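Line by line, the protein sequences are chains R and Z. This note's numbering numbers the first residue of the first sequence as 59 and each following residue consecutively. This note's numbering numbers the first residue of the second sequence as 59 and each following residue consecutively. Here the structure comes first, spelled out in structure tokens, and everything after it is commentary.
Number of protein chains: 2
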Amino acid sequence: MTGTPAADGRPHALRADAQRNRARILDAARTAVDEQGTQASLRDIARRAGVGMGTLYRHFPDREALLEELLGQRFDLLAGRAAALEASRSPEDALVEWLGEFTAGAGAYRGLAASMMATLNDESSSLHASCLAMRQAATRLLSNAQDAGHIRSDADGTDLFALVNAVTWIVDQAPSIAARRQHLLSLIVDGLKRQPAAGP
Amino acid sequence: MTGTPAADGRPHALRADAQRNRARILDAARTAVDEQGTQASLRDIARRAGVGMGTLYRHFPDREALLEELLGQRFDLLAGRAAALEASRSPEDALVEWLGEFTAGAGAYRGLAASMMATLNDESSSLHASCLAMRQAATRLLSNAQDAGHIRSDADGTDLFALVNAVTWIVDQAPSIAARRQHLLSLIVDGLKRQPAAGP
DNA sequence: ACCTGAACACCGTTCAAGT
DNA sequence: ACCTGAACACCGTTCAAGT
Chain R
59 MTGTPAADGR PHALRADAQR NRARILDAAR TAVDEQGTQA SLRDIARRAG
109 VGMGTLYRHF PDREALLEEL LGQRFDLLAG RAAALEASRS PEDALVEWLG
159 EFTAGAGAYR GLAASMMATL NDESSSLHAS CLAMRQAATR LLSNAQDAGH
209 IRSDADGTDL FALVNAVTWI VDQAPSIAAR RQHLLSLIVD GLKRQPAAGP
Chain Z
59 MTGTPAADGR PHALRADAQR NRARILDAAR TAVDEQGTQA SLRDIARRAG
109 VGMGTLYRHF PDREALLEEL LGQRFDLLAG RAAALEASRS PEDALVEWLG
159 EFTAGAGAYR GLAASMMATL NDESSSLHAS CLAMRQAATR LLSNAQDAGH
209 IRSDADGTDL FALVNAVTWI VDQAPSIAAR RQHLLSLIVD GLKRQPAAGP
């Protein structure tokens with residue numbers, strides 16, 4: 059009975075040709091996003107994959123569904139890193155290190171910051187869930203550092219996400235600024251540190 | 059002899075119809091940018107202006123030439139504000155106030171941040187000159203505040219411009235974040251303030 | 001069940017033909 | 001000198017027709 063229609067009403071597994079097309083589309087998308095950023099032409103992706111436009115749309119109803127496959131992994135990874143750092147480092151180190159990893163990796167995906175912002179308040183976006191989980195992990199790092207007294211208490215997870223995304227964006231606007239990524243990030247992170255109270 | 063071709067080899071004044079078309083295009087562009095941001099459709103602008111595409115291109119060879127007309131005024135105005143604040147306020151107040159005015163006004167032009175970044179290293183851009191002048195004015199405010207000991211000395215004009223543009227960008231990505239403009243800006247500006255040395 | 005590719009409504013940019 | 005609008009090479013999205 060292998061490969062016969064399921065009798066339990068659950069969705070069928072993909073037909074072999076469909077499965078192959080799906081994989082091809084994802085491969086092509088990876089290459090295209092690598093070259094052109096998250097705004098890569100969908101037509102071009104279909105062309106590279108050697109499938110018709112309809113096939114691309116059948117597998118991925120919109121651009122974000124396609125991106126979710128590529129970026130979801132990254133989000134999950136970064137959420138995992140947050141958890142690992144939380145367990146192994148001081149609250150302050152964990153936060154600073156995570157922010158560094160976040161912005162460093164983002165350079166590989168031009169347009170990532172815009173895609174992430176678009177997903178923020180759009181619960182229907184395919185990227186919403188994995189992005190939210192990552193943000194929550196980052197927010198925990200922030201709270202820990204705040205509880206330990208290292209970070210000013212009037213900044214919240216949304217502020218942190220906004221600022222770090224803003225850096226991500228600015229950094230891929232111009233190569234001359236990309237070189238200053240670390241410096242810009244530290245200007246912001248230093249600024250978030252609780253200003254020491256004046257002398258005794 | 060009024061209206062006859064100039065004999066001195068200098069460029070002629072625009073013909074009356076050309077002058078009218080130019081004005082119409084700018085009017086249409088203002089409306090379109092207002093509604094759709096700096097990425098407004100050029101075709102749409104020509105349509106609204108009631109001119110052919112060729113006419114639009116004749117007057118403005120590319121999008122930036124058109125934007126220069128709209129944004130150049132704004133840049134000049136902000137450069138002027140910087141000079142005025144420099145004369146009338148303390149170094150720290152002048153800087154903080156100027157940054158507030160810069161980001162507050164930017165909300166009126168969606169896409170402005172991206173257009174400004176594009177112009178940064180592109181000397182052929184029509185926006186280059188007026189944008190540069192504004193940046194230099196802002197850099198003076200920064201230097202003054204640094205000389206007065208209010209701002210950390212390892213931030214330069216490029217950093218300041220990058221950060222303030224990053225805020226401008228993030229703020230028009232989502233209305234929920236636009237509401238936090240002032241707060242985000244003050245997180246950054248506070249952060250740039252020189253950390254007070256530890257007690258005696 | 002899945003695929004193809006033409007069709008549609010848009011772009012930006014160029015240019016021959018008109019006045 | 002200036003204008004028009006068709007032409008070209010691209011998009012994203014949809015959908016009838018095929019297997």
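Where a beta carbon is used, it is the ideal one built from N, C-alpha and C, also for glycine. Here the structure is a predicted model, which is why all the values come from computation and not from measurement.
- prompt: Sorted by chain position, which residues of the same chain lie with C-beta nearer than 6 Å to Z:V225's C-beta, five sequence neighbours on each side aside?
  reply: For the purposes of this step, residue 225 of chain Z is taken as the residue at position 167 of the second sequence. Once the five neighbours on either side are set aside, the close Cβ partners of Z:V225 are T161, L242 and L243.
message: For R:R297, which residues in the same chain have their Cβ closer than 7 Å to its Cβ, ignoring the five residues on either side in sequence?
response: Not covered by the structure: residue 297 of chain R. The range shown for chain R is 59 to 258.
- request: Measure the CB-CB distance between Z:S173 and Z:E122 and report whether it falls below 9 Å.
  value: Numbered from its first residue, the second sequence carries residue 173 of chain Z at position 115. Numbered from its first residue, the second sequence carries residue 122 of chain Z at position 64. Yes, they are a contact pair.
- prompt: Can the beta-carbon of Z:L114 be found closer than 9 Å to that of Z:L128?
  reply: Counted from its first residue, the second sequence places residue 114 of chain Z at position 56. Counted from its first residue, the second sequence places residue 128 of chain Z at position 70. At the C-beta level, Z:L114 and Z:L128 stay beyond 9 Å of one another.
task: Kindly indicate if chain R contains any beta-carbon less than 9 Å away from that of Z:T216.
output: The sequence position of residue 216 of chain Z within the second sequence is 158, counting from 1. Closer than 9 Å: yes.
message: Given this structure, state the Cα-to-Cα distance separating R:A86 from R:A232, to the nearest angstrom.
response: Counting from one through the first sequence, the residue named residue 86 of chain R turns up at place 28. Counting from one through the first sequence, the residue named residue 232 of chain R turns up at place 174. Looking at the two C-alpha atoms, the distance is approximately 26 Å.
- prompt: Rounded C-beta distance between Z:R168 and Z:D230? I'm assuming under 8 Å.
  reply: Here residue 168 of chain Z refers to the residue found at position 110 of the second sequence. Here residue 230 of chain Z refers to the residue found at position 172 of the second sequence. Yes, Z:R168 and Z:D230 are in contact; Cβ-Cβ is about 5 Å, under 8 Å.
- request: Measure the C-alpha to C-alpha separation of Z:R132 and R:R116 and round it to an integer number of angstroms.
  value: To locate residue 132 of chain Z, count along the second sequence from 1; it is residue 74. To locate residue 116 of chain R, count along the first sequence from 1; it is residue 58. Cα to Cα, the separation comes out at about 47 Å.
- prompt: Name the DSSP bridge partner or partners of Z:I209?
  reply: In the second sequence, the residue the question calls residue 209 of chain Z occupies position 151. DSSP output for Z:I209 lists Z:K251 as bridge partner(s).
- prompt: Comparing the C-beta of Z:Q77 with each C-beta of chain R, is any distance below 9 Å?
  reply: Position 19 of the second sequence, counting from 1, holds the residue named residue 77 of chain Z. The Cβ of Z:Q77 sits no closer than 9 Å to any Cβ of chain R.
7 Å CB neighbourhood of R:G61 in its chain, flanking five on each side removed: The residue labelled residue 61 of chain R in the question sits at position 3 within the first sequence. Note on R:G61: pLDDT 39, under 50, position unreliable in the model; no value is reported.
message: Please report the straight-line C-alpha distance between Z:L84 and Z:G163, rounded to a whole angstrom.
response: Here the question's residue 84 of chain Z lines up with position 26 in the second sequence. Here the question's residue 163 of chain Z lines up with position 105 in the second sequence. Cα-Cα distance, rounded: 20 Å.
- prompt: In its own chain, which residues sit with a C-beta less than 6 Å from the C-beta of R:E150, not counting the 5 before and 5 after it?
  reply: Stepping through the first sequence from its first residue, residue 150 of chain R is reached at position 92. The answer, listed in chain order, is A203 and H208.
task: Starting from the C-beta of Z:D271, find all residues in its chain whose C-beta is less than 6 Å away, skip the five residues before and the five after it, and write them out in chain order.
output: Past the boundaries of the shown model lies residue 271 of chain Z; chain Z is included only from 59 to 258, so the question cannot be answered.
message: Quick check: the Cα distance between Z:L124 and Z:S184, rounded to an integer number of angstroms?
response: Start at 1 with the first residue of the second sequence, and residue 124 of chain Z comes out as number 66. Start at 1 with the first residue of the second sequence, and residue 184 of chain Z comes out as number 126. Their backbone Cα atoms lie some 9 Å apart in a straight line.
field: Reference R:D217; option with closest CA among Z:V222, Z:A196, Z:R239 and Z:N223
entry: The residue you call residue 217 of chain R lines up with position 159 of the first sequence. Looking at the Cα atoms, Z:R239 is the closest of the given residues.
- request: Please go through the same chain and pick out, in chain order, the residues whose beta-carbon is closer than 7 Å to the beta-carbon of R:V109, but skip the five residues on each side of it.
  value: Here the question's residue 109 of chain R lines up with position 51 in the first sequence. Cβ neighbours of R:V109 beyond the five flanking positions: N79, R82 and I83.
- prompt: So, is the C-beta of R:L242 closer than 9 Å to a C-beta in chain Z?
  reply: As a first step, residue 242 of chain R must be located in the first sequence, where it is residue number 184. So yes, R:L242 belongs to the interface.
message: Within a Cβ cutoff of 8 Å, which residues of the same chain sit near R:A65, ignoring the five residues on either side of it in sequence?
response: Numbered from 1 along the first sequence, position 7 holds the residue referred to as residue 65 of chain R. With a pLDDT of only 46 at R:A65, under the threshold of 50, the placement of this residue in the model should not be trusted, and no figure is reported.
query: Exposed or buried, which one is Z:G249 when buried takes at least 16 other CB atoms within 10 Å?
result: Reading the second sequence from its first residue, position 191 is the one you call residue 249 of chain Z. It counts as buried.
task: Step through the CB atoms of chain R and report whether any lies within less than 9 Å of the CB of Z:V225.
output: On the second sequence, position 167 is the one that residue 225 of chain Z refers to. True, the Cβ-Cβ gap to chain R drops below 9 Å.
query: Within the 9 Å Cβ cut-off, does R:A220 reach chain Z?
result: As a first step, residue 220 of chain R must be located in the first sequence, where it is residue number 162. Cβ-Cβ to chain Z under 9 Å: yes for R:A220.
- prompt: In three-state terms, what does DSSP make of Z:T197?
  reply: Looking up residue 197 of chain Z in the second sequence gives position 139. In the structure shown, Z:T197 sits in a helix (DSSP, three-state: H, G or I).
message: Considering Cα atoms alone, identify which of R:H70, R:L170, R:A74 and R:E144 is closest to R:A206.
response: On the first sequence, residue 206 of chain R is found 148 positions in, with the first residue counted as 1. That would be R:E144, whose Cα lies nearest to the Cα of R:A206.
- prompt: Taking the Cβ atom as the reference point for each residue, do R:I246 and Z:L245 lie within a distance shorter than 9 Å?
  reply: Residue mapping note: residue 246 of chain R aligns to position 188 of the first sequence, counting from 1. Residue mapping note: residue 245 of chain Z aligns to position 187 of the second sequence, counting from 1. Their beta carbons are under 9 Å apart, which means R:I246 touches Z:L245 by this criterion.
- prompt: Measuring CA to CA, which of Z:S211, Z:L199 and Z:A171 is closest to Z:R147?
  reply: Reading the second sequence from its first residue, position 89 is the one you call residue 147 of chain Z. For Z:R147, the closest of Z:S211, Z:L199 and Z:A171 by C-alpha to C-alpha distance is Z:L199.
Nearest neighbour of Z:L153, chosen from Z:A90, Z:V222 and Z:M175 [CA to CA]: Counting from one through the second sequence, the residue named residue 153 of chain Z turns up at place 95. For the residues Z:A90, Z:V222 and Z:M175, the minimum Cα distance to Z:L153 belongs to Z:V222.
query: Could one say the Cβ of R:D134 lies closer than 9 Å to chain Z's Cβ atoms, at least one of them?
result: The residue labelled residue 134 of chain R in the question sits at position 76 within the first sequence. Chain Z, which has no Cβ nearer than 9 Å to the Cβ of R:D134, makes this no.
task: May I ask which residues mark the beginning and end of the alpha helix (DSSP H) holding Z:Y115?
output: For the purposes of this step, residue 115 of chain Z is taken as residue 57 along the second sequence, with counting starting at 1. Where Z:Y115 is concerned, the enclosing alpha helix (DSSP H) stretches over M111 to H117.
field: Separation of R:S201 from R:D75, as counted between CA atoms
entry: Walking along the first sequence from the start, residue 75 of chain R turns up at place 17. Walking along the first sequence from the start, residue 201 of chain R turns up at place 143. One C-alpha to the other measures close to 48 Å.
task: Closer than 8 Å by C-beta to Z:R193: which residues in its own chain qualify, once you throw out the five before and the five after it? Chain order, please.
output: Here residue 193 of chain Z is taken as the residue at index 135 of the second sequence, counted from 1. Here the set comprises G215 and F219.
query: chain Z partners of R:R105, CB-CB under 9 Å?
result: Locating residue 105 of chain R in the first sequence gives position 47, where the first residue counts as 1. Near R:R105 there are no residues of chain Z at all, since even the closest Cβ is about 25 Å away, more than 9 Å.
- request: Measure from the C-beta of R:R238 to each C-beta in chain Z and report whether the shortest distance is under 9 Å.
  value: If you number the first sequence from 1, residue 238 of chain R lands on position 180. Yes, because at least one Cβ of chain Z sits closer than 9 Å to the Cβ of R:R238.
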